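Visitor: Each protein sequence line maps, in turn, to chains A and B.
For the first sequence, position 43 matches number 217 in the working numbering, and the numbering has no gaps at all.
For the second sequence, position 640 matches number 658 in the working numbering, and the numbering has no gaps at all.
Cβ coordinates follow ideal geometry from the N, Cα and C atoms, glycine included.
Everything numeric in this text was worked out from a predicted model, so none of it was measured.
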Amino acid sequence: MVGPLSKYSFINAKLRARISKILPDEIFDRLVKASSLDAALVILQGTSFAGLQEIYSSTGDLKKAELELLKNEIELYTNIKHYVHQNSIELVDALLYQFEIENLKNAIRIYFDRKIRKLSVDSNIHYILYDPIIHQIPIDIIINAENFDEIAGVCEGTPYSQIIKKYSHTVESQGSLFRLEIALDHFYYDNLLTSIKKLDHKDRAIALRLTGVEIDLQNINWIIRLKNFYDLPLEAVLATIVPGGFNLNKTIIAELYRAQNVTPVLQDFVKGKYPGLSALLSSQTSESTSRLLLIHRILEEIMKQEVQRILSGYPFTIGIILSYFILKRNELKKIRTILNAKEYDIQQQSIESMI
Amino acid sequence: MFTTEMIQLFAVVLGRDSQRVTEVLLREGVMQFINTSEIEGKKLENLSTASSQSSIKEITDLRGRIEGLLYSSGIIPDAPKVADLSSHVPVDTESEKKFLDQIDGERNGIRERQRTIQQEIIKLEDIKRQVEIYGLGLSDLPLKERHSFLTIQTGKIPVSNIKKLEEGLRGFPALNVALGQEDDTAYYLLISMKREKEQINQILSGAGWTNIELPNELQSVKEDIFKEVSVKLKTLTDEQKKLETSVKNLIKKHEERFRQTWVNLRITELFSTIQTNFKHSSRTVIFTGWLPASKKEKLDKEIHKSCGGRCYFQWQQPGDEEIIGEDVPVQFNNPKMLAPFQMLVSNFGIPEYGTIDPTPFVMPLYLSMFGLMFADVGQGLVLATLGILCAYVYKTKPEKKGLYTLSWLIIWCGFSSIIFGALFGSYFGVALIKPLWFDFHEIISGRNTDNSTINDIFDILLITIYFGISVIFLGLLFNWINIIRTGKWAELFFDKGGIFGGWIYGGGIYIAYYMVKHSYKELPPGTVTFLLVGLPALLLFIKEPYHYIKHQSSQKFNPLIILNFLMQWIVELLEIFSGYLSNTLSFMRVAGLGIAHVSLMVSFFTIAKMTSGVMSIVILILGNILVIGLEGLTAAIQALRLSYYEFFTKFFHGTGKLYTPISLNSSYK
Numbered sequence: 175m176v177g178p179l180s181k182y183s184f185i186n187a188k189l190r191a192r193i194s195k196i197l198p199d200e201i202f203d204r205l206v207k208a209s210s211l212d213a214a215l216v217i218l219q220g221t222s223f224a225g226l227q228e229i230y231s232s233t234g235d236l237k238k239a240e241l242e243l244l245k246n247e248i249e250l251y252t253n254i255k256h257y258v259h260q261n262s263i264e265l266v267d268a269l270l271y272q273f274e275i276e277n278l279k280n281a282i283r284i285y286f287d288r289k290i291r292k293l294s295v296d297s298n299i300h301y302i303l304y305d306p307i308i309h310q311i312p313i314d315i316i317i318n319a320e321n322f323d324e325i326a327g328v329c330e331g332t333p334y335s336q337i338i339k340k341y342s343h344t345v346e347s348q349g350s351l352f353r354l355e356i357a358l359d360h361f362y363y364d365n366l367l368t369s370i371k372k373l374d375h376k377d378r379a380i381a382l383r384l385t386g387v388e389i390d391l392q393n394i395n396w397i398i399r400l401k402n403f404y405d406l407p408l409e410a411v412l413a414t415i416v417p418g419g420f421n422l423n424k425t426i427i428a429e430l431y432r433a434q435n436v437t438p439v440l441q442d443f444v445k446g447k448y449p450g451l452s453a454l455l456s457s458q459t460s461e462s463t464s465r466l467l468l469i470h471r472i473l474e475e476i477m478k479q480e481v482q483r484i485l486s487g488y489p490f491t492i493g494i495i496l497s498y499f500i501l502k503r504n505e506l507k508k509i510r511t512i513l514n515a516k517e518y519d520i521q522q523q524s525i526e527s528m529i
Numbered sequence: 019m020f021t022t023e024m025i026q027l028f029a030v031v032l033g034r035d036s037q038r039v040t041e042v043l044l045r046e047g048v049m050q051f052i053n054t055s056e057i058e059g060k061k062l063e064n065l066s067t068a069s070s071q072s073s074i075k076e077i078t079d080l081r082g083r084i085e086g087l088l089y090s091s092g093i094i095p096d097a098p099k100v101a102d103l104s105s106h107v108p109v110d111t112e113s114e115k116k117f118l119d120q121i122d123g124e125r126n127g128i129r130e131r132q133r134t135i136q137q138e139i140i141k142l143e144d145i146k147r148q149v150e151i152y153g154l155g156l157s158d159l160p161l162k163e164r165h166s167f168l169t170i171q172t173g174k175i176p177v178s179n180i181k182k183l184e185e186g187l188r189g190f191p192a193l194n195v196a197l198g199q200e201d202d203t204a205y206y207l208l209i210s211m212k213r214e215k216e217q218i219n220q221i222l223s224g225a226g227w228t229n230i231e232l233p234n235e236l237q238s239v240k241e242d243i244f245k246e247v248s249v250k251l252k253t254l255t256d257e258q259k260k261l262e263t264s265v266k267n268l269i270k271k272h273e274e275r276f277r278q279t280w281v282n283l284r285i286t287e288l289f290s291t292i293q294t295n296f297k298h299s300s301r302t303v304i305f306t307g308w309l310p311a312s313k314k315e316k317l318d319k320e321i322h323k324s325c326g327g328r329c330y331f332q333w334q335q336p337g338d339e340e341i342i343g344e345d346v347p348v349q350f351n352n353p354k355m356l357a358p359f360q361m362l363v364s365n366f367g368i369p370e371y372g373t374i375d376p377t378p379f380v381m382p383l384y385l386s387m388f389g390l391m392f393a394d395v396g397q398g399l400v401l402a403t404l405g406i407l408c409a410y411v412y413k414t415k416p417e418k419k420g421l422y423t424l425s426w427l428i429i430w431c432g433f434s435s436i437i438f439g440a441l442f443g444s445y446f447g448v449a450l451i452k453p454l455w456f457d458f459h460e461i462i463s464g465r466n467t468d469n470s471t472i473n474d475i476f477d478i479l480l481i482t483i484y485f486g487i488s489v490i491f492l493g494l495l496f497n498w499i500n501i502i503r504t505g506k507w508a509e510l511f512f513d514k515g516g517i518f519g520g521w522i523y524g525g526g527i528y529i530a531y532y533m534v535k536h537s538y539k540e541l542p543p544g545t546v547t548f549l550l551v552g553l554p555a556l557l558l559f560i561k562e563p564y565h566y567i568k569h570q571s572s573q574k575f576n577p578l579i580i581l582n583f584l585m586q587w588i589v590e591l592l593e594i595f596s597g598y599l600s601n602t603l604s605f606m607r608v609a610g611l612g613i614a615h616v617s618l619m620v621s622f623f624t625i626a627k628m629t630s631g632v633m634s635i636v637i638l639i640l641g642n643i644l645v646i647g648l649e650g651l652t653a654a655i656q657a658l659r660l661s662y663y664e665f666f667t668k669f670f671h672g673t674g675k676l677y678t679p680i681s682l683n684s685s686y687k
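(1) Can you look up B/F446 in the DSSP assignment and give me helix, strand or coil?
(2) Using a cut-off of 9 Å between C-beta atoms, extract the partners of A/N504 located in chain B.
(3) Would you say the stretch 40-49 of chain B touches the stretch 670-686 of chain B, given that touching needs at least three Cβ pairs under 8 Å?
(4) Out of A/L293, A/T344, A/S369 and A/F273, point me to the one whose CA is closest to A/N261's CA.
(5) Using a Cβ-Cβ cutoff of less than 7 Å, which residues in the same chain neighbour B/L611 once the five nearest sequence positions on both sides are dropped?
(6) Can you tell me whether DSSP reads B/F605 as helix, strand or coil?
(7) Please go through the same chain and pick out, in chain order, the residues whose beta-carbon is closer than 6 Å to the beta-carbon of A/P178, but skip the five residues on each side of it.
(8) I'd like to know if B/I132 contacts chain A, where contact means its C-beta is closer than 7 Å to some C-beta of that chain.
(9) Restricting to Cα atoms, I'd like to know which of A/I311, A/L205 and A/K207 is closest to A/E274.
(10) Quick check on the burial criterion: 16 or more other C-beta atoms within 10 angstroms. Buried or exposed for A/S294?
(11) Which value, in whole angstroms, describes the spacing of the CA atoms of B/V42 and B/V100?
(12) Nearest-angstrom Cα distance between B/G127 and B/N365?
(13) Taking C-beta pairs closer than 7 Å, name the residues in chain A that B/I140 reaches, listed in chain order.
(14) Residues in the same chain with beta-carbon distance under 8 Å from A/S527, minus the five sequence neighbours each way, listed in chain order, please.
(15) Where does the unbroken alpha helix (DSSP H) through A/Q272 begin, and where does it stop?
(16) Which term fits A/M477, buried or exposed, when burial requires 16 or more other beta carbons within 10 angstroms of its beta carbon?
(17) Measuring CB atoms only, is the stretch 576-583 of chain B touching the stretch 458-466 of chain B, in the sense that at least three cross pairs come out at less than 8 Å?
(18) Using only the alpha-carbon positions, how far apart do B/V249 and B/T255 sit?
(19) Helix, strand or coil for A/K188, going by three-state DSSP, please let me know.
(20) Can you give me, in chain order, the residues of the stretch 201-226 of chain A that have a beta carbon less than 9 Å from any beta carbon in chain B?
(21) Mapping DSSP to helix, strand and coil, what is B/W507?
(22) Beta-carbon separation of B/G398 and B/I429 under 7 Å?
(23) Return no unless some Cβ of chain C is closer than 7 Å to the Cβ of A/N365.
(24) Using a Cβ-Cβ cut-off of 7 Å, state whether A/N318 counts as contacting chain B.
(25) Compute the Euclidean distance between the alpha carbons of B/K323 and B/L27, then round it to the nearest angstrom.
(26) If you draw a straight line from the alpha carbon of A/L400 to that of A/L236, how long is it in whole angstroms?
(27) Can you tell me whether A/A413 is buried or exposed? The criterion is at least 16 other CB atoms within 10 Å of its CB, across all chains shown.
(28) What's the gap between the Cα of B/L618 and the Cα of B/S634?
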C-alpha cells in the first residue's frame with residue numbers, strides 16, 4: 175500500500191510552487207484601479223495571463239480571451255492528472271466533469287433558444303468549446319439539433335444521454351431548462367462524491383469537507399436564482415438541493431429561505447467552526463435576496479478559511495490538489511469579473527464589491 | 019560593516035520659499051520624510067498639512083492613465099531627470115483628461131471595428147470548420163451528408179437589392195459569393211447554416227431571391243469557393259492586423275506629448291508627495307526627515323541657497339532626546355560587487371539601525387559553503403558562463419534587476435566552484451591536475467591520498483565542524499557587538515547568544531575536544547568542567563529573577579514564582595545545549611553534499627565505463643548537466659539555509675526599516 179508521503183510529496187511540492195505564482199492581491203488592486211480594459215490587460219503582462227492581452231489587442235474581442243482562460247483552466251486539470259497518484263486520478267476526472275457539463279449546458283441553451291424559444295442564435299455559439307473534454311460530444315450537432323431525441327442520441331455512451339431523455343419532456347412542457355440543468359448538476363456532485371468515497375479515510379474526510387462547502391455554495395447559488403427568477407415554493411426549492419453540503423442541510427436551508435433575520439440561523443455553525451467570520455453576521459439585511467447574498471459571502475469566506483487550513487496543515491493529503499483548484503478558480507473568476515467590468519466601464523468601488 | 023550613518027533634519031522655512039525648497043529636496047532625493055502625524059504627537063500643534071491627498075490622487079490617476087496607454091504600445095516612460103525639474107510646467111489636468119478621453123474614444127472606435135471584423139472571421143471560420151469536420155465538397159451539391167449543417171444555394175436577385183441582401187446577411191455566418199451580373203440581375207452562390215434556414219429564407223425573399231441552377235459557364239466558380247473563404251479570411255485577418263497596428267500608432271503618434279505630460283505629472287506628484295509631509299503655519303513651513311549624514315552638508319547648502327538663507331535647521335543624531343519618530347531608516351553601505359549578497363540579506367530582513375550589516379561576511383561564508391559542496395573547475399566554469407550570459411541579457415532590462423543580481427550570484431558561485439575544484443583537483447569529475455589541497459574523489463573512493471591532514475571522510479566532516487564552530491562564534495561576536503552598541507546590557511549576559519551562552523558553547527566545545535583526544539573515555543577534571551559549563555549555567559539562573567525585579571515588581575510575590583524561575587531556567591539551558599549542538603552539527607551537511615556531489619560524478623563515470631564510444635560521452639555529458647542543475651541548486655539552497663538559520667539567528671533580527679527617500683527615481687508602480 176502506498177503511503178501518503180509517496181502519493182503526495184511530488185504533487186505537493188509542485189502545487190505549492192504553482193500556488194506561489196497565483197496573482198497577489200496587489201495585482202488585483204492595480205487591475206481594479208486600471209483606467210481601461212487595455213490598461214488592465216497591460217498589468218497582466220509578465221504574468222501567466224499575458225496571452226490575454228495578445229488576444230484582445232489583435233481581435234478587440236474579450237470573449238475570445240475569456241474562452242482562452244477557460245481552455246487554460248481545463249488544461250490545469252488535465253495537466254495535473256499527469257502528476258497525481260493513480261488513486262487521485264478518478265477524483266480529478268470527476269472534477270473535470272464540471273467543465274464538460276457547463277459546456278453541454280451552454281450548447282443545449284443555444285439549441286433551446288433557437289428551436290424551442292424561436293430566438294435567433296446569438297454570438298455565444300462562437301464562444302463554447304467544440305473540442306472534447308472527457309467524452310466525444312458533438313457540440314455542433316447539439317446546437318443544430320432538431321429535437322431532444324437527437325441530442326440524447328448523440329450523447330449516447332455518455333452519462334448525459336439518460337438525463338436528457340428523462341428531462342426532455344419536462345423541459346418542453348415547462349418551457350424551461352431549469353430541471354435538466356439541476357439534474358446535470360446533481361449528476362456532477364453524485365459522481366464527485368462517489369469518487370471521493372473511493373479515497374483513503376483521511377483524504378476522504380478532507381475532500382468531503384471541501385466539496386461539502388462547495389455544495390453549500392452551489393445550493394445557495396441555485397436558491398438565489400430560484401428566488402429571483404422563479405419564486406418557487408419552499409418544497410420545490412428543497413427538491414433541488416444537492417445532498418452532501420457541509421454546513422447547510424435541508425433544515426438550515428429551509429430556515430434561511432424563510433427567516434427574516436438569518437443571523438440566529440447562521441451563528442450556530444459560524445461561531446462554532448469559524449469564529450473569525452462572526453463579524454460578517456453583524457450585517458443586517460431584511461430583503462430576501464440580500465440575505466442569501468450575505469450567506470453566499472459567508473460561504474465564500476468559509477471556503478477561503480478551509481483552503482487556508484489545509485495549506486497550513488499536514489501537507490500530504492488530497493487537500494493540496496483540491497485547494498489548488500479552488501485557489502485557481504477564484505483567481506480566474508476575479509480576472510474575468512474585473513476584465514468584464516472594465517469593458518463595461520464599471521466604477522472602481524462596484525468592482526471591489528464584486529470580487 | 020555597519021549601515022550608513024543617518025542624521026535627522028528638522029527644518030523651518032518660509033512659506034513663500036516652500037516651492038523652491040521642495041524642488042531642492044526632490045533634486046537631491048535624499049530625504050526620507052517623517053509623517054506629519056508623528057510630528058504632531060511630538061510638539062507641533064495647530065499646523066495644517068500642505069498638499070491635499072485628493073489632488074495627489076487626481077494626478078496619480080491621470081499619470082496611471084497615460085502609463086496604461088504607453089505600456090499598451092510597449093513604451094516604458096523614463097523616470098524624470100534633473101533637467102526636467104527646471105523645465106517642469108504644471109499640467110492642465112482637465113484638458114489632459116479631455117485629450118485622453120479623446121484618445122480612448124478613438125481607440126475604442128478601433129476596438130469596435132476589430133470586434134466587428136472578428137465576428138466576420140468567426141463566422142467564416144465556423145463555415146470552414148464545418149467543411150473540415152464533415153469533409154464536404156461543392157461537387158456534392160446538394161449536400162446529403164447526415165451531419166452537414168451547411169446549405170448551399172445559387173440564385174438571382176435584382177441588382178437594386180444587392181445592398182439589402184448584404185445587410186440582411188451580415189448577422190449570420192454566411193458566405194455570399196457574387197457570380198456575375200447580367201443586365202439588372204445579379205447571380206449569387208450562398209452558403210449558410212441550416213439552423214438559420216427560416217431567417218435566411220426571409221431575408222432572401224425580401225431581396226427578391228429566386229433559386230436557379232448554376233449556369234454552365236459558372237460551374238468552375240464552385241471549385242474555387244473554399245479558396246474564396248480562405249482569401250476572405252486572409253483579407254479580414256490582414257485588416258485586423260492593420261487595426262491592431264493602428265491602435266499602437268495612435269499612441270505612438272502622441273508619444274512625445276504623453277512622455278512629456280507623464281514626466282510633468284510625475285514631478286508634480288513627487289512635489290505633492292513631499293509637501294504632504296510639510297506642516298504649514300501662517301507664514302512658515304516645517305518638515306523633518308532622515309538622510310545619510312554624508313549628504314548633510316550638500317543638502318544644507320542647497321536649501322540655504324534656494325531660500326536665500328531664510329531658514330532654520332536643527333540636526334539630530336539618532337539617539338538624541340529631541341529626535342522625532344522612533345525608527346531610524348537603514349541604508350546599506352556596501353560596494354556594488356556585494357549586491358548579490360546584499361540581496362540575500364535583505365531577503366531575510368533589514369538590519370536594525372546601528373547594528374552590523376552581515377553582507378560583507380555573507381559573501382565569503384556563502385561562497386565557501388557553496389564551493390565545499392560543489393567543488394569542480396569545469397562545472398564551476400559552466401555556472402560562471404551561464405551567469406555571465408544571464409547578466410548580459412538582463413543588464414539592459416531595469417525591470418529585471420532582481421534577475422540581473424541573481425545572475426551575478428551565479429557568477430560568484432561559479433568562481434567559488436572553480437577555486438574549490440582546483441583545491442580538490444576536480445575537472446568535470448576528472449582529476450586532470452594534481453589537487454592543491456586534497457583529492458576529494460580519491461578519499462570518497464576509499465583510497466589513501468597520503469595527504470598528511472585529510473585522509474578520510476571523517477577528516478572532511480571535521481573541516482565542516484570547525485567551519486561551523488567559527489561561523490557560530492562569529493555570529494555570537496556580532497551579537498555582543500550589536501548589544502553593546504544598543505546598550506542592552508542585561509541581554510549581553512542573559513541572551514541565549516549572550517556571553518553566558520557563548521561561554522557554555524565554548525566550554526562544551528573544549529569538553530568535546532578533550533573527550534575525543536582521550537578516546538571518548540575521559541571528561542576534563544570536575545573543576546574545569548564546572549568552570550566551563552556549570553558556572554555560566556548557574557549564572558543564567560539570575561536572568562528570570564532579574565527580569566522579575568525589573569519589570570514585574572508590582573506583582574505580588576508567591577512561592578510558585580520560584581518554581582516558574584526554575585522551570586524557565588531549565589528550559590533555557592535545554593534550548594542552549596540542544597540548540598548549539600544541532601547548530602554545529604548542521605554544518606556537516608556541507609561535507610555531506612560535497613560527498614554526494616563527488617559520489618554522483620563517480621557513479622556517472624562508472625556507468626559510462628559500462629558502455630563505450632559515443633554512448634559513454636553522452637552519459638558523461640548528461641551526468642554533468644544533471645549534477646550542475648540538481649547539485650548546484652541544492653548547494654545554493656543549503657548554503658543559504660545555513661547562513662540564515664545558523665548564522666543570522668545569532669545576531670540578526672531583520673526588523674529594520676529600509677531607507678526609501680523621495681527622489682526622481684522613486685518607484686511609481
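Guide: Taking the geometry as given:
(1) Position 428 of the second sequence, counted from the first residue, corresponds to residue 446 of chain B. Note: B/F446 maps to coil in three-state DSSP.
(2) Position 330 of the first sequence, counted from the start, is the residue given in the question as residue 504 of chain A. In chain order: nothing, as chain B lies at least about 24 Å away.
(3) Three or more pairs of CB atoms, one per stretch, sit closer than 8 Å, so the stretch 40-49 of chain B contacts the stretch 670-686 of chain B.
(4) To locate residue 261 of chain A, count along the first sequence from 1; it is residue 87. Nearest C-alpha to A/N261: A/S369.
(5) Here the question's residue 611 of chain B lines up with position 593 in the second sequence. Excluding residues within five positions, the ones whose Cβ falls inside 7 Å are M391, T652, A653 and Q656.
(6) Numbered from 1 along the second sequence, position 587 holds the residue referred to as residue 605 of chain B. DSSP places B/F605 outside both helix and strand once states are collapsed to three, so it counts as coil.
(7) In the first sequence, counting from the first residue as 1, residue 178 of chain A sits at position 4. The answer, listed in chain order, is F490.
(8) For this step, residue 132 of chain B is matched to residue 114 along the second sequence. The sequence as given places Gln at residue 132 of chain B; Ile does not occur at that position. Proximity of B/Q132 to chain A, defined by a Cβ-Cβ separation below 7 Å, is satisfied.
(9) Here residue 274 of chain A refers to the residue found at position 100 when the first sequence is read from its first residue. Cα-wise, what sits closest to A/E274 is A/I311.
(10) Along the first sequence, read from residue 1 onward, the residue named residue 294 of chain A stands at position 120. A/S294 is exposed by the Cβ-count criterion.
(11) The sequence position of residue 42 of chain B within the second sequence is 24, counting from 1. The sequence position of residue 100 of chain B within the second sequence is 82, counting from 1. Cα to Cα, the separation comes out at about 10 Å.
(12) Along the second sequence, one-based indexing puts residue 127 of chain B at 109. Along the second sequence, one-based indexing puts residue 365 of chain B at 347. Using only the alpha carbons, I get a separation of about 47 Å.
(13) The residue labelled residue 140 of chain B in the question sits at position 122 within the second sequence. Per Cβ cutoff of 7 Å: H300.
(14) Within the first sequence, the letter at position 353 stands for residue 527 of chain A. If we look at A/S527 and ignore the five residues flanking it on each side, it has no Cβ neighbours.
(15) Within the first sequence, numbered from 1, the residue matching residue 272 of chain A stands at position 98. Counting along the chain, A/Q272 sits inside the alpha helix (DSSP H) bounded by residues Q260 to Y285.
(16) Here residue 477 of chain A refers to the residue found at position 303 when the first sequence is read from its first residue. Around the C-beta of A/M477, 16 or more other C-beta atoms lie within 10 Å, and the residue is accordingly described as buried.
(17) Contact fails: fewer than three Cβ-Cβ distances are below 8 Å.
(18) As a working mapping, residue 249 of chain B is identified with position 231 in the second sequence. As a working mapping, residue 255 of chain B is identified with position 237 in the second sequence. One Cα belongs to B/V249, the other to B/T255, and the distance between them is close to 10 Å.
(19) The residue labelled residue 188 of chain A in the question sits at position 14 within the first sequence. Reduced to three states, the DSSP call for A/K188 is helix.
(20) Contact residues of the stretch 201-226 of chain A toward chain B are R204, K207, A208, S209, S210, L211, D212, A213, A214, L215, V216, I217, Q219 and G220 (C-beta to C-beta distance below 9 Å).
(21) As a first step, residue 507 of chain B is located in the second sequence; it is residue number 489 there, counting from the start. The answer is helix: DSSP assigns B/W507 an H, G or I state.
(22) For the purposes of this step, residue 398 of chain B is taken as residue 380 along the second sequence, with counting starting at 1. For the purposes of this step, residue 429 of chain B is taken as residue 411 along the second sequence, with counting starting at 1. No, these two residues do not count as a Cβ contact at 7 Å.
(23) This model lacks chain C altogether, as its protein chains are A and B.
(24) The residue labelled residue 318 of chain A in the question sits at position 144 within the first sequence. Output row for A/N318: interface = yes.
(25) Working through the second sequence from its first residue, we reach residue 323 of chain B at position 305. Working through the second sequence from its first residue, we reach residue 27 of chain B at position 9. When rounded, the distance between both Cα atoms is 17 Å.
(26) Here residue 400 of chain A corresponds to residue number 226 of the first sequence, with the count starting at 1. Here residue 236 of chain A corresponds to residue number 62 of the first sequence, with the count starting at 1. Between A/L400 and A/L236, the C-alpha separation is close to 30 Å.
(27) In the first sequence, counting from the first residue as 1, residue 413 of chain A sits at position 239. Residue burial is scored here from C-beta neighbours: A/A413 has fewer than 16 other C-beta atoms within 10 angstroms and is therefore classed as exposed.
(28) The sequence position of residue 618 of chain B within the second sequence is 600, counting from 1. The sequence position of residue 634 of chain B within the second sequence is 616, counting from 1. Rounded to the nearest angstrom, the two C-alpha atoms are 15 Å apart.
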